[in-house]
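*Asks:*
There are 2 protein chains.
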Amino acid sequence: MIMAGKKATIRDVAQLAGVSYGTVSRYLNGNTHVSTAAAERIAKAIEAAQYTPNQAARSLAQQRTQTIALVIQVESNETLIQASVSEAMASANQTIGDADYQMVTLIANTEASTRRIAQLVNSDFADGYLLFSLSEDDALAEAFLNTDSPVVVSEVSNNNEWQFPTVDFTNADGQRQITEYLLHKGRERLAYICGPGYSPSAVNRLKGFRQAMGERFDENKVYYSDDWEMNSGEMAAVAFQPMLGELDGIVCANDDIAIGVINQLTRFGYRVPDDIAVTGFDDSPLAVLSNPKITTVRQDSRLHGRTMAELVLSMMKGTKVEHGYVKLLPTSIVERQSA
Amino acid sequence: MIMAGKKATIRDVAQLAGVSYGTVSRYLNGNTHVSTAAAERIAKAIEAAQYTPNQAARSLAQQRTQTIALVIQVESNETLIQASVSEAMASANQTIGDADYQMVTLIANTEASTRRIAQLVNSDFADGYLLFSLSEDDALAEAFLNTDSPVVVSEVSNNNEWQFPTVDFTNADGQRQITEYLLHKGRERLAYICGPGYSPSAVNRLKGFRQAMGERFDENKVYYSDDWEMNSGEMAAVAFQPMLGELDGIVCANDDIAIGVINQLTRFGYRVPDDIAVTGFDDSPLAVLSNPKITTVRQDSRLHGRTMAELVLSMMKGTKVEHGYVKLLPTSIVERQSA
DNA sequence: CTGTTAGCGCATTCAT
DNA sequence: ATGAATGCGCTAACAG
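These protein sequence lines map, in sequence, to chains A and B. Oh and the first sequence: position 248 is 248 in UniProt numbering, straight run, nothing missing. Oh and the second sequence: position 314 is 314 in UniProt numbering, straight run, nothing missing.
Here's what the structure looks like:
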C-alpha cells in the first residue's frame, strides 16, 4: 500500500515481506529453494504493492527477452495483410503464448521501418523470429542472416544463401491434384495463369500444373501475371480471348486471380463452369463469395502459423535443424461451383 | 574487427575510438558536446565493431522504450483481423515510424494472452498504446486504466469509466445520410439490421437510421443480430420473410451483413435492388465483389490509424487531452449497384 | 533455505 | 569537451 507515486520494485516487495530481494527474485523465477513461509509473505507483499517485474531490467540481466517477433513485410502501396497471414498470426500467437513467450508483430512497410527493425534484430530484440513474405535483399534480410536467434520463414526460397528453416505448403502437389481433378472430369484443354515470377509459390504451382498435364502442357497457354490480384485475372482473360473458344478450363495461381478471370469471362459471354471451368488456390474468404463459388485448393493457415511457432520454439530449446530444412504442409481440394 | 564472438558494447566502441564510453553515449544521443575529431573516430569504431545499442539496457537507463504498442483483441474463435483494422495498422505503423518510434502489435486472443499483455502494460512495456476492439471488462482493461502512459482507443464507448481519448467515425451521421439517400430515391418502407448490442458503433448506426426515418421509424422492422457476420444477414432475411413483400429497402449495419441479406433475398426470389434495395457500411473489400456490388458508407481506415497515432504521439509529447475527448472522422456514401 | 554481491549495457549527473 | 561515478531493476553466482 506504499503508493509513493512510483512503481514498486523488487526491493519494495522484499522490504514488505521482510526478506532480502534476492529471495524475492528466486520466488519469482521458479520458486525453488524458498520456504513456504517466506513464499506466502512475498505473495502477499506482491499483491499489496501491486508489483510487476520490469521487463527491460529482466531482459538485461537475463540476456533474453522472452519474446518472439513475427515480422511481416508489405509493399508500401499495398495496405492489407492477407487473410491467410492474419490467420497464421493468430494461431502462432496462441502457440507462442502457450509456451509462455510473448509474440510481438513488427510491420515493415517503408524503407525507414525496415531499417529500424533491422536495428532491433541486431540488438537481440527477440529470442526468435517468424518471417512472413520477406524480401530477401535488404538490410533486414541481412540482419536475419547475422542474428544468433532462431529464424523460421513461411515460404520456400530459391535463394541459396537464404536457407532458413521453412514451413510452407505443398504448392506443386496441390496444383497437380486440382489439375488432375479437372482432367478426370474430361476437361483437357486447359490454360494456366501463373503468379508473379519472384514468388517461389507461383513457380511451384506452375510446376504442379505442368506435371499433371504431361504431354498436353502447352507453353502458349500460360499467362504470366505480375501480381496476385483480381485485376491480373481480368487481364489474363483478355490475353486469352483469341483462344477462349478452344479452352474448357483455366487453372489459376490463386483465388483472387480466379475471380478476376471469372468476371471477365462472364463479360465475354462465357459461362463458368459450363463453357470454361476455373479453379483457384488458397481457399480465401473470397472464394465463397464469388459467383459462382470457387473450386480451389485449400491450405490450413492456422496449421501454418502453429507449425512455424512450434519450430522456432523447439529451435530455441536447442534443437538443431539441418541446413535447408523445409516442412511442407498438406493441401486439399475443395469442390464448389466454378469447376 | 574484434569479433570475440560476443556482441560489441559501448565500451568496445569507446576503446576502439580511444575515448571513454560516456563520450560514446553522448555521441549516440544528440551529438552535443562531442568534438568532431572524437565523433569521427567513434563513427569509425561503431562501423568496425558493428555496434548496435542494446534496447533493454537503453530502456532501463532511460525509463522509456521508444515503442508504441498496438493492442488488438479478437475473439478466440474468430481468427481474422478485419480488413479495416489491418489498414489502420499499416497506416499507424507508418506515422509512428516517422516519429522515430517502433510500433509493435500485440494480439489478445485468449485468456492467457490477455493476462500476459496486462502484465506487460503494468510493467511499462511501451510508451503509448493504441487499442483496437477491446473488451472493457477484463484484466487488460484494468491495466490500461492504471497505466501512466497515453492510451488512445479506436471506438467510442458507452462506459463512463472507460473514457480514453478516442478516434472514431461519424457512425450515426453516415447511417443517417445513406438512409436519406434511400428516402430521396423514393424508398420509404425500410427495415434495419442492427449490429451486436455490445458495440457502440452498432448502436450509433441504428441511431442514425432512426433519425433519418423520423416518424416512419418502426421498431418492428429492426432485426438485432449477435455479430457482424454474413450469416446474421441471412438470418435477418429469414426473420423478415413475412413482411418482405411490403419492404423496398433494407439498411444494414455493415457490408458483411448486407451480403448475407442479399444472398438470402436472392434465394427467396427477390431482386436486389429492383424489388428491395440493400445498403452496407464500411466499404470493405467484399463490397465490390458481391453481386450486385454494394452501395455503402465508406470510412477511411488509413486516416483512422494515422489520426490515432498522431494523437498518442502528441499526448506523449505532453499535450493534455480533456477527459472524454472524442475525434470523429467523416464518412461518405459510395453508390454502387445494390441501392 | 537465505542474504550479499557483482554485473547486464547504457544514460546521466558531476567533476575536471 | 571529456572522464569517472552512480544507478536503472533485476538475475545469478557465491557464501553461509
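Each residue gets a CB set at the ideal place from its N, CA and C atoms; glycine is no exception.
Determine the extent of the alpha helix (DSSP H) in which Ile96 of chain B is found, giving its start and end residues.
*Replies:* Ala83 to Asp98
*Asks:* If I measure Cβ to Cβ from residue 347 of chain A and keep anything under 7 Å in the same chain, skipping five residues before and after, which residues do I get?
*Replies:* With chain A running from 1 to 339 in the structure shown, residue 347 of chain A is simply not present.
*Asks:* Looking at the structure shown, is Lys185 of chain B part of a helix, part of a strand, or coil, going by DSSP?
*Replies:* coil
*Asks:* Report yes or no: do three or more beta-carbon pairs, one from the stretch 246-254 of chain B and one from the stretch 192-199 of chain B, lie closer than 8 Å?
*Replies:* Short answer: they touch.
*Asks:* In chain order, what residues of the same chain have a beta carbon less than 7 Å from the beta carbon of Phe217 of chain A, not counting five sequence neighbours either side?
*Replies:* Arg210
*Asks:* Okay, do the stretch 79-90 of chain A and the stretch 297-305 of chain A touch, 3+ Cβ pairs below 8 Å being the bar?
*Replies:* yes
*Asks:* Where does Pro330 of chain A land, buried or exposed, given buried means 16+ other C-beta within 10 angstroms?
*Replies:* exposed
*Asks:* Return the bridge partner residues of Asp282 of chain A from the DSSP annotation.
*Replies:* A:Arg298
*Asks:* What three-state label does DSSP hand Thr9 of chain B in the structure shown?
*Replies:* coil
*Asks:* Buried or exposed, going by whether 16 or more other CB atoms sit within 10 Å of the CB of Pro242 of chain B?
*Replies:* Taking a 10 Å sphere around the C-beta of Pro242 of chain B, we find fewer than 16 other C-beta atoms and assign the residue as exposed.
*Asks:* If we ignore side chains and look at the alpha-carbon of each, how far apart do Met1 of chain B and Asn54 of chain A end up?
*Replies:* Because the pLDDT of Met1 of chain B is 40, which lies under 50, any placement of that residue in the model is unreliable, and the question is left without a value.
*Asks:* May I ask you to report which of helix, strand or coil DSSP gives Val203 of chain B?
*Replies:* helix
*Asks:* Tell me whether Phe125 of chain B sits in a helix, a strand or coil according to DSSP, three-state version.
*Replies:* Phe125 of chain B: coil per DSSP, three-state reduction.
*Asks:* In the DSSP assignment, find the unbroken beta strand (DSSP E) run with Ile72 of chain B in it and report its ends.
*Replies:* Thr67 to Gln73
*Asks:* Taking the alpha helix (DSSP H) that Gly260 of chain A falls in, what are its first and last residues?
*Replies:* Asp255 to Phe268
*Asks:* Name, in chain order, the residues that DSSP records as bridge partners for Leu130 of chain B.
*Replies:* B:Leu70 and B:Val152
*Asks:* Counting Cβ pairs closer than 8 Å, one from the stretch 52-68 of chain A and one from the stretch 279-294 of chain A, do we hit at least three?
*Replies:* no
*Asks:* Under the assumption that Gln337 of chain B contacts Pro273 of chain B (Cβ atoms under 8 Å), give the Cβ distance between them as a whole number of angstroms.
*Replies:* At roughly 7 Å, the Cβ-Cβ gap stays under 8 Å, so Gln337 of chain B and Pro273 of chain B are in contact.
*Asks:* Between Asn159 of chain B and Ser290 of chain A, what straight-line distance do the alpha-carbon atoms span, to the nearest angstrom?
*Replies:* 40 Å
*Asks:* Residue range of the beta strand (DSSP E) that Val321 of chain A falls in?
*Replies:* No beta strand (DSSP E) holds Val321 of chain A; DSSP gives it neither H nor E.
*Asks:* Taking DSSP as the reference, what is the three-state secondary structure of Gln102 of chain B?
*Replies:* In the three-state reduction of the DSSP assignment, Gln102 of chain B falls in the strand class, which pools E and B.
*Asks:* I'd like the list of long-range same chain contacts for Ala17 of chain B, defined as Cβ closer than 6 Å, with 5 residues on each side in sequence excluded.
*Replies:* Arg41, Ile42 and Ala45
*Asks:* Hey, Ser157 of chain B and Leu131 of chain B are a contact pair by Cβ (cut 8 Å); roughly how many whole angstroms apart?
*Replies:* Rounded, the Cβ-Cβ distance is 10 Å, inconsistent with contact.
*Asks:* Against chain B, does Gln119 of chain A count as a neighbour if the rule is that its beta carbon must be under 8 Å from one of theirs?
*Replies:* yes
*Asks:* What do you reckon, are the CB atoms on Asn204 of chain B and Asn171 of chain B nearer than 8 Å?
*Replies:* Yes.
*Asks:* Taking the straight line between their C-alpha atoms, what separation do you get for Arg267 of chain B and Ala277 of chain A?
*Replies:* If I take the Cα positions, the gap works out to 24 Å.
*Asks:* Run through the DSSP bridge pairs and tell me what Phe217 of chain B is partnered with.
*Replies:* Answer by DSSP bridge pairing: none, since Phe217 of chain B is not bridged.
*Asks:* Identify each residue in the UniProt domain "HTH lacI-type" (8-62) of chain B for which the Cβ-Cβ distance to at least one residue of chain A is less than 7 Å, and report them in chain order.
*Replies:* Thr52, Pro53, Asn54, Gln55, Ala56, Ala57, Ser59 and Leu60
*Asks:* Output yes or no for whether 8 Å exceeds the beta carbon distance between Ala108 of chain B and Leu80 of chain B.
*Replies:* Taking 8 Å as the cut-off, the beta carbon of Ala108 of chain B is found no closer than this to the beta carbon of Leu80 of chain B.
*Asks:* In chain order, what residues of the same chain lie with their CB nearer than 8 Å to the CB of Ala4 of chain A, ignoring the 5 residues before and after it?
*Replies:* In this predicted model, Ala4 of chain A has a pLDDT of only 49, less than 50, meaning its place in the structure is not dependable enough to derive any value.
*Asks:* Taking the continuous alpha helix (DSSP H) assigned at residue 340 of chain B, which residues delimit it?
*Replies:* The requested residue 340 of chain B does not occur in the structure, where chain B is confined to residues 1 to 339.
*Asks:* Is it buried or exposed, Gly249 of chain A, if we count other Cβ atoms within 10 angstroms and call 16 or more buried?
*Replies:* buried
*Asks:* Quick check: residue 362 of chain B and Phe169 of chain B, are their CB atoms within less than 8 Å of each other?
*Replies:* Outside the modelled stretch of chain B, which goes from 1 to 339, sits residue 362 of chain B, for which no answer is possible.
*Asks:* At the level of alpha carbons, what is the spacing between Tyr51 of chain A and His33 of chain A?
*Replies:* 21 Å
*Asks:* Whole angstroms is fine: what's the gap from Glu215 of chain B's alpha carbon to Phe240 of chain B's?
*Replies:* 21 Å
*Asks:* Residues in the stretch 101-134 of chain B with C-beta within 8 Å of chain A's C-beta atoms, listed in sequence order?
*Replies:* Gln102, Met103, Val104, Thr105, Leu106, Ile107, Asn109, Thr110, Ala112, Ser113, Arg116, Ile117, Gln119, Leu120, Asn122, Ser123, Asp124 and Phe125
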